[in-house]
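Reading through the structure tokens given below for one structure.
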Amino acid sequence: MYEPVVLKKKQPQTIARTPAGKAFIITTLIKILIPTAFFYVLSESMQNRKKLIVELEEGYRNRKKTLYDEFKETQEFWNEPMYSNIVSHVLTKEAQKLLNIDNLKSPLEEDKANN
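Position 1 of the sequence shown, counting from 1, maps to 33 under the working numbering, and the rest follow consecutively.
Here you go:
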């Protein structure tokens with residue numbers, strides 16, 4: 033007489049089965065990946081800058097102090113009027129020495145030329 037009706041369980045429908053669903057998933061992943069990649073590149077460049085700054089600071093700290101550096105540290109003292117001529121004379125002499133080193137002249141040759 034009557035046939036029993038067998039109800040099928042409804043299959044869960046996934047969003048990825050439709051073209052619109054696939055496009056939605058792809059765009060969602062792209063929305064996540066673009067900012068992630070941007071901030072990764074940004075953090076890498078910041079780390080490289082920090083490393084470069086540290087290397088430059090180490091080189092600056094380890095260098096030999098020049099006469100000009102010592103003058104800069106005590107500039108207030110040397111800016112008094114009675115010392116201004118001395119400072120200009122000493123810095124001029126130091127600059128001449130540096131120029132002579134660049135020209136590959138030794139101080140002994142200079143002294144011989146002056147005498």
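Positions of the beta carbon are idealized from the N, C-alpha and C atoms, including for glycine.
I need the DSSP call for residue i, collapsed to helix, strand or coil.
| i | result |
| --- | --- |
| Tyr72 | helix |
| Tyr92 | helix |
| Asn111 | coil |
| Pro36 | coil |
| Thr59 | helix |
| Lys41 | coil |
| Lys97 | coil |
| Thr124 | helix |
Are the beta-carbon atoms of residue i and residue j separated by less than 8 Å?
| i | j | result |
| --- | --- | --- |
| Phe103 | Leu131 | no |
| Glu126 | Leu99 | yes |
Please report whether the beta-carbon of residue i lies at a distance below 8 Å from any beta-carbon of chain D.
| i | result |
| --- | --- |
| Thr60 | As a matter of chain content, chain D is missing from the structure shown, which is built from one protein chain. |
Please find out if some non-hydrogen atom of the ligand FMN comes closer than 7 Å to the beta-carbon of residue i.
| i | result |
| --- | --- |
| Val119 | You won't find the ligand FMN in this model; it holds no ligand whatsoever. |
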